[in-house]
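S.K.: Per UniProt numbering, the very first residue in the sequence shown carries number 1; after that it's consecutive. First the structure, then my questions, so here it is.
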Amino acid sequence: MNESLRQVVHLVFGLGIAGFVLFFDRDLTLSVLMLALFVGFILSDAVSRGYTVPVVSAFIASLERRDAVPGKGALFFALGALFSLVFFSKEVAFIGLVVLSLLDSVTTLVGVRFGRTRIYNHKSLEGTLAGVAVTAAALCLFVPPAIAFATAAVTAFAELVSPVDDNLVIPVVACLVLTVLL
1 MNESLRQVVH LVFGLGIAGF VLFFDRDLTL SVLMLALFVG FILSDAVSRG YTVPVVSAFI
61 ASLERRDAVP GKGALFFALG ALFSLVFFSK EVAFIGLVVL SLLDSVTTLV GVRFGRTRIY
121 NHKSLEGTLA GVAVTAAALC LFVPPAIAFA TAAVTAFAEL VSPVDDNLVI PVVACLVLTV
181 LL
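In structure tokens, the structure reads:
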């Protein structure tokens with residue numbers, strides 16, 4: 001498994017999902033996310049039972065972490081996106097998914113490559129600070145700078161301390177912060 005490639009795929013697909021949420025009808029997006037989850041669970045189950053699913057098995061083998069449920073990260077990403085879209089406005093859900101895509105990818109990429117100072121849960125100060133900086137800068141395209149920084153910082157803290165998969169926690173925390181501050 002190549003962690004850098006995994007995070008680049010996370011970033012690209014995550015921003016693609018965020019764009020889909022923004023540009024398409026809410027009902028269509030909800031239907032697509034539900035279908036993706038349903039098919040994803042079927043494929044994950046098939047792969048975990050030892051079946052070889054063309055393309056999917058190779059994709060999972062090259063991107064999934066050792067001893068993880070096949071496709072777990074992608075399934076949790078879709079579930080986090082679905083939850084955000086159901087409980088928050090479309091625009092807030094979009095920004096929450098941008099936060100998930102950027103923060104999670106950047107913290108891991110920088111942390112793996114440059115992280116020296118471990119602060120909690122094997123995560124690095126360098127990765128966390130880089131994730132906050134990049135995410136806040138990107139969010140300035142959508143919200144005022146103070147809200148962008150607060151959203152990035154609170155979400156990074158939640159990602160750092162949460163025992164729950166970050167693909168579930170990050171979009172929800174980001175959406176909650178944005179809802180309170182906007």
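Ideal Cβ positions, reconstructed from N, Cα and C, are used throughout, including at glycine.
Tell whether a beta-carbon distance below 8 Å holds between ASN2 and LEU100.
M.R.: Within the sequence shown, residue 2 is the residue found at index 2, counting from 1. Within the sequence shown, residue 100 is the residue found at index 100, counting from 1. Result no, Cβ atoms of ASN2 and LEU100 do not sit closer than 8 Å.
S.K.: Write down the C-beta distance between LEU75 and LEU35 rounded to the nearest angstrom, noting that I regard them as a contact closer than 8 Å.
M.R.: As a working mapping, residue 75 is identified with position 75 in the sequence shown. As a working mapping, residue 35 is identified with position 35 in the sequence shown. Actually they do not touch by this definition, with Cβ atoms about 13 Å apart.
S.K.: Over what stretch of residues does the alpha helix (DSSP H) that includes ARG26 continue unbroken?
M.R.: In the sequence shown, counting from the first residue as 1, residue 26 sits at position 26. Counting along the chain, the alpha helix (DSSP H) containing ARG26 begins and ends at 26-48.
S.K.: Please go through the stretch 63-102 and give each complete alpha helix (DSSP H) segment of 4 or more residues, from N-terminal end onward.
M.R.: 72-87
S.K.: According to DSSP, is SER124 part of a helix, a strand, or is it coil?
M.R.: The sequence position of residue 124 within the sequence shown is 124, counting from 1. Residue state, collapsed to three classes: strand.
S.K.: Grab me the residues of ALA158's own chain with a C-beta within less than 8 Å of its C-beta, minus the 5 sequence neighbours each way, in chain order.
M.R.: Taking the first residue of the sequence shown as position 1, residue 158 is located at position 158. The residues VAL169, ILE170 and VAL173, in chain order, have a CB closer than 8 Å to that of ALA158 in the same chain once the five nearest residues on each side in sequence are set aside.
S.K.: Going by DSSP, which residues form a beta bridge with ARG118?
M.R.: For this step, residue 118 is matched to residue 118 along the sequence shown. BP columns for ARG118 point to SER124.
S.K.: Considering only the beta carbon of each residue, do ILE17 and ALA81 sit closer than 8 Å?
M.R.: In the sequence shown, residue 17 corresponds to position 17, counting from 1. In the sequence shown, residue 81 corresponds to position 81, counting from 1. Yes, they are a contact pair.
S.K.: In terms of residue numbering, what span does the alpha helix (DSSP H) encompassing PHE13 cover?
M.R.: Residue numbering aside, residue 13 sits at position 13 when the sequence shown is read from its first letter. First-last of the alpha helix (DSSP H) with PHE13: 3-23.
S.K.: Suppose the cutoff is 7 Å on Cβ atoms and the five residues either side in sequence are ignored; what does the same chain contact list for VAL56 look like?
M.R.: Counted from its first residue, the sequence shown places residue 56 at position 56. The residues are LEU43 and VAL47.
S.K.: Given a threshold of 16 other Cβ atoms within 10 Å of its Cβ, counted over all protein chains shown, does ALA68 qualify as buried or as exposed?
M.R.: For the purposes of this step, residue 68 is taken as residue 68 along the sequence shown, with counting starting at 1. Burial call: exposed.
S.K.: In this structure, does DSSP put LEU182 in helix, strand or coil?
M.R.: As a working note, residue 182 is residue 182 in the sequence shown. Note: LEU182 maps to coil in three-state DSSP.
S.K.: Assuming LEU160 is part of the alpha helix (DSSP H), what are its boundary residues?
M.R.: Here residue 160 refers to the residue found at position 160 of the sequence shown. That run of the alpha helix (DSSP H) goes 145-161.
S.K.: Quick check on LEU176: does DSSP put it in helix, strand or coil?
M.R.: Translated into the one-based positions of the sequence shown, residue 176 becomes position 176. LEU176: helix per DSSP, three-state reduction.
S.K.: For chain B, check one thing: does any of its Cβ atoms lie closer than 8 Å to the Cβ of ALA146?
M.R.: No chain B is present in this structure, which holds just one protein chain.
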